[in-house]
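Peer 1:
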Amino acid sequence: MVDDLTLSLQDGTVIIHTIRRGQYMRSLKPPCESSLPVTILHLAISWEGHIVVNTSIEGKSTLKDKNALHLYSVNGTYLCSENLKEEVSDLCVTGEYIVLGSVQGFLSIRDLYSLNLSLAPIAMRVPVHCVSVTKENSHILVGLEDGKLIIVGVGKPPEVRSTVRNYIYQTMESSPFLSRIKLKSPEQLLKLRDQFVFLPQPRNSAS
Numbered sequence: 012m013v014d015d016l017t018l019s020l021q022d023g024t025v026i027i028h029t030i031r032r033g034q035y036m037r038s039l040k041p042p043c044e045s046s047l048p049v050t051i052l053h054l055a056i057s058w059e060g061h062i063v064v065n066t067s068i069e070g071k072s073t074l075k076d077k078n079a080l081h082l083y084s085v086n087g088t089y090l091c092s093e094n095l096k097e098e099v100s101d102l103c104v105t106g107e108y109i110v111l112g113s114v115q116g117f118l119s120i121r122d123l124y125s126l127n128l129s130l131a132p133i134a135m136r137v138p139v140h141c142v143s144v145t146k147e148n149s150h151i152l153v154g155l156e157d158g159k160l161i162i163v164g165v166g167k168p169p170e171v172r173s174t175v176r177n178y179i180y181q182t183m184e185s186s187p188f189l190s191r192i193k194l195k196s197p198e199q200l201l202k203l204r205d206q207f208v209f210l211p212q213p214r215n216s217a218s
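First residue of the sequence shown: 12, per this note's numbering; consecutive thereafter.
1. Between 108, 116 and 52, which lies nearest to residue 156 when the distance is taken from Cα to Cα?
2. Is it right to say residue 75 is buried, meaning 16 or more other beta carbons lie within 10 angstroms of its own, or is it exposed?
3. Can you check whether the CB of residue 65 is closer than 8 Å to the CB of residue 102?
4. Counting along the chain, where does the beta strand (DSSP E) carrying residue 55 start and finish?
5. With DSSP as the reference, identify every bridge partner of residue 30, one or two as the case may be.
6. Exposed or buried, residue 41, counting other C-beta atoms within 10 Å across all chains shown (16 or more means buried)?
7. Which two residues bound the contiguous beta strand (DSSP E) that contains residue 145?
8. Does the stretch 98-112 touch the stretch 47-60, meaning 3 or more C-beta pairs lie closer than 8 Å?
9. Beta carbon of residue 51, beta carbon of residue 85: below 8 Å?
10. In terms of residue numbering, what span does the beta strand (DSSP E) encompassing residue 121 cover?
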């Protein structure tokens, strides 16, 4: 794993330091053709050191060309960019993929090296608050703005490339609590999500 810590500034600059010693490494300035200010909303680093930067152009009223992803190598070399049609609310990198959730309520999976979509975005119907991937890379956890949790099962990368439909939930035999869920499509998952809302238990009032 790389020993890099990334910091973003309000002027759209990414500053990289080493974690152990705090030594300055380099600064990155994502490309932008607009003269309007650029804000860095999200940063992520892959296990191999690739840096993914999500930027947004301030003052732009439409979503077209407002938000973008940028990819840098472990050495800080600019590799590519991709304009986004949605506003990213959270992202993470797992293996060779970038998992993104959007304010518009979509879950997207993109290829880390090309930034291209690996499959069509999955509609969550509610703005996505956060995304995470389990340690075994077997499930994507999607937290929604309404407090609900969506669990999406994934296959191994070769399986995903051959049949991208298998990227959607298959089984959850490993979890006794969720073992009765057998889903084949996101629509079925959305129908059952209301059964798994976790609310804080009220505290007992002092006697």
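For glycine and all other residues, C-beta sits at the position ideal for the given N, C-alpha and C. This structure is a prediction, so every number in the text was calculated from the model and none was measured.
Peer 2: To lay it out plainly:
1. 116
2. exposed
3. yes
4. 49-56
5. Its beta-bridge partners do not exist; DSSP assigns none.
6. buried
7. That residue, residue 145, is in no beta strand (DSSP E); it is neither H nor E in DSSP.
8. yes
9. no
10. 117-122
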